[in-house]
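Report on one structure; see the data block that follows.
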Amino acid sequence: KNEVEQSPQNLTAQEGEFITINCSYSVGISALHWLQQHPGGGIVSLFMLSSGKKKHGRLIATINIQEKHSSLHITASHPRDSAVYICAVWGWSNQFYFGTGTSLTVIP
Amino acid sequence: KAGVTQTPRYLIKTRGQQVTLSCSPISGHRSVSWYQQTPGQGLQFLFEYFSETQRNKGNFPGRFSGRQFSNSRSEMNVSTLELGDSALYLCASSPGTAFYEQYFGPGTRLTVT
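Protein sequence lines, in the order shown, are assigned to chains U and C.
In terms of the numbering used here, the first sequence opens at residue 1 and continues consecutively.
In terms of the numbering used here, the second sequence opens at residue 109 and continues consecutively.
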């Protein structure tokens, strides 16, 4: 059983669309991270959350601790947003658990 | 500040050999974590070093080990390589512990033949 589940696995959107990626987890956590990985492997940390909501530019991340659920929203999507988005949680067992990722393609 | 660097970027080894990978964190960061990424298993946490001590460890066999030096640079060693060890190995540094925002290096692509 995976400790972190993401949906959808694959997502294709038209430029300008609003995008939502969901993450559910089954373990107690201290923090949740959203990561972005472009082709070629480089990973960038987008957000670290332990409660509430954070916003960076067109990206918004929310977390509901009681429901063990987080969402990553991208407003006004752009082809440069095409990447794999990975949800990761830092569990009370002091290790990271990763989702399998959501592959996003934004078409011009 | 310079980012996280990893050397080498690509490596080919033979089954049964051992390998050492290196990671230099962002200046001032005391935590270095290591991750394995494969197409089948995705990203998995190997271990975290903080101030030269292994703080946390994932579920990997003892063939995977690491260390951290006083300048925070870290090395990861895999002994008795298996075909299944072929992967992208990523390290990340953090200003605090691995709980905090991770800054990832470009990774080392290891192929075991």
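Virtual Cβ for every residue (Gly too), placed ideally from N, Cα, C.
Note that the structure is a prediction, hence the values are computed from the model and not measured.
inquiry  = Looking at chain C, is there any beta carbon in it that lies within less than 8 angstroms of the beta carbon of ASN94 (chain U)?
reply    = As a first step, residue 94 (chain U) must be located in the first sequence, where it is residue number 94. Yes, ASN94 (chain U) lies at the interface with chain C (some Cβ there is under 8 angstroms from its Cβ).
request  = Starting from ASN164 (chain C), follow its DSSP beta bridges and name the residues at the other end.
outcome  = Translated into positions along the second sequence, residue 164 (chain C) becomes position 56. Its beta-bridge partners are C:GLU156.
task = Would you mind sorting GLU156 (chain C) into buried or exposed? The rule is 16 or more other CB atoms within 10 Å of its CB.
result = Within the second sequence, the letter at position 48 stands for residue 156 (chain C). So GLU156 (chain C) ends up on the buried side.
query = Taking the beta strand (DSSP E) that GLY52 (chain U) falls in, what are its first and last residues?
reply = Here residue 52 (chain U) refers to the residue found at position 52 of the first sequence. 52-56 is the span of the beta strand (DSSP E), which, as asked, contains GLY52 (chain U).
ask   = Mind checking whether SER141 (chain C) and CYS199 (chain C) have CB atoms under 8 angstroms apart?
value = Start at 1 with the first residue of the second sequence, and residue 141 (chain C) comes out as number 33. Start at 1 with the first residue of the second sequence, and residue 199 (chain C) comes out as number 91. Contact: yes.
task = Would you give the residue range spanned by the beta strand (DSSP E) that GLY174 (chain C) belongs to?
result = Residue 174 (chain C) sits at position 66 when you count from the first residue of the second sequence. Per DSSP, GLY174 (chain C) belongs to the beta strand (DSSP E) from 172-176.
request  = Just the chain C side, please: which residues come within less than 9 angstroms of ALA61 (chain U) by C-beta, in chain order?
outcome  = Position 61 of the first sequence, counted from the start, is the residue given in the question as residue 61 (chain U). Going along chain C, no residue has its Cβ under 9 angstroms from ALA61 (chain U), so there is no contact; the nearest lies around 13 angstroms.
request  = Taking C-beta pairs closer than 7 angstroms, name the residues in chain U that LEU198 (chain C) reaches, listed in chain order.
outcome  = Your numbering for residue 198 (chain C) matches position 90 in the second sequence. The contacting residues are ILE43.
query = Could one say the Cβ of PHE18 (chain U) lies closer than 8 angstroms to chain B's Cβ atoms, at least one of them?
reply = Looking for chain B here will not work: the only protein chains present are U and C.
query = Under a Cβ-count criterion, where at least 16 other Cβ atoms within 10 Å of its own Cβ denotes burial, should GLY204 (chain C) be classed as buried or exposed?
reply = Residue mapping note: residue 204 (chain C) aligns to position 96 of the second sequence, counting from 1. When all chains shown are included, GLY204 (chain C) counts as exposed.
inquiry  = I'd like the span of the beta strand (DSSP E) that includes TRP34 (chain U), first residue to last.
reply    = Mapped onto the first sequence, residue 34 (chain U) falls at position 34. 29-37 is the extent of the beta strand (DSSP E) around TRP34 (chain U).
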